[in-house]
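Scroll down for the structure; my scribbles are underneath it.
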Amino acid sequence: MDIREIDLTINQERLIEMLDAHMASLKEELFPYQKEHFSFASYEGGEYTGGITGEILWNTAHISLLAVDPAKKGRGIGKILLKQAEDYAKQNRCTQIHLETMSYQAPLFYEKNGFKIFGELKDFMQPGVTRFYLAKRLG
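Under our numbering, the first residue of the sequence shown carries the number 1, and numbering increases by one thereafter.
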């Protein structure tokens, strides 16, 4: 066996082909692997104040990044961006949305916005830091 480092895009394409072939061989009807990315930004007076990015895979949305300019925090920008992502996910037939955050970031913010912690990884990155995994059902 020979293990090599290869281009990420080429590797992902080959892996998706293999996984799609496997799914096609199953007796159950499953949706094909199709990932769609989304990106929204907030502006005040033409000034960038924050943004959110993520992707949709099957019936699930994933938040990759969410940040607000520290000087603009407390104005509801994060909540509005999160709502925009949730609305977009619902429009694209998602029934759930999930994300990861660190203990020093915003787990309480997400819980206040209806997310529930379903997992955690303690001492992530360094002792005392916890990585939280959160999800929310979309109605």
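Note that the Cβ used here is the ideal one computed from N, Cα and C, for glycine as well.
None of these values were measured; they are calculated from a predicted model.
Whole-angstrom distance between residue j and residue i, CA atom to CA atom
i: His22; j: Asp87; result: 32 Å
i: Ile10; j: Leu19; result: 14 Å
i: Ile77; j: Ile6; result: 40 Å
i: Gln34; j: Met102; result: 28 Å
i: Ala89; j: His98; result: 11 Å
Residue i classed as buried or exposed, judged by whether at least 16 other C-beta atoms fall within 10 angstroms
i: Phe132; result: buried
i: Phe115; result: buried
i: Pro107; result: buried
i: Lys79; result: exposed
Cutoff 8 Å; reference residue i; Cβ partners in own chain excluding five residues on either side
i: Gly119; result: Phe132, Tyr133
i: Thr95; result: Asn59, Thr60, Arg137, Leu138
Proximity below 8 Å, CB of residue i to CB of residue j
i: Ile52; j: Ala24; result: no
i: Gly141; j: Ile63; result: Given that the chain is displayed from residue 1 to residue 139, the structure contains no residue 141 and the question cannot be resolved.
i: Phe38; j: Ile56; result: yes
i: Val129; j: Tyr104; result: yes
Contacting residues, own chain, Cβ-Cβ under 7 Å from residue i (five flanking each side not counted)
i: Leu66; result: Ile52, Gly78, Leu81, Leu82
Check: residue i C-beta below 7 Å from any heavy atom of the ligand HEM
i: Arg131; result: Ligands displayed in this structure: none; no statement on the ligand HEM is therefore possible.
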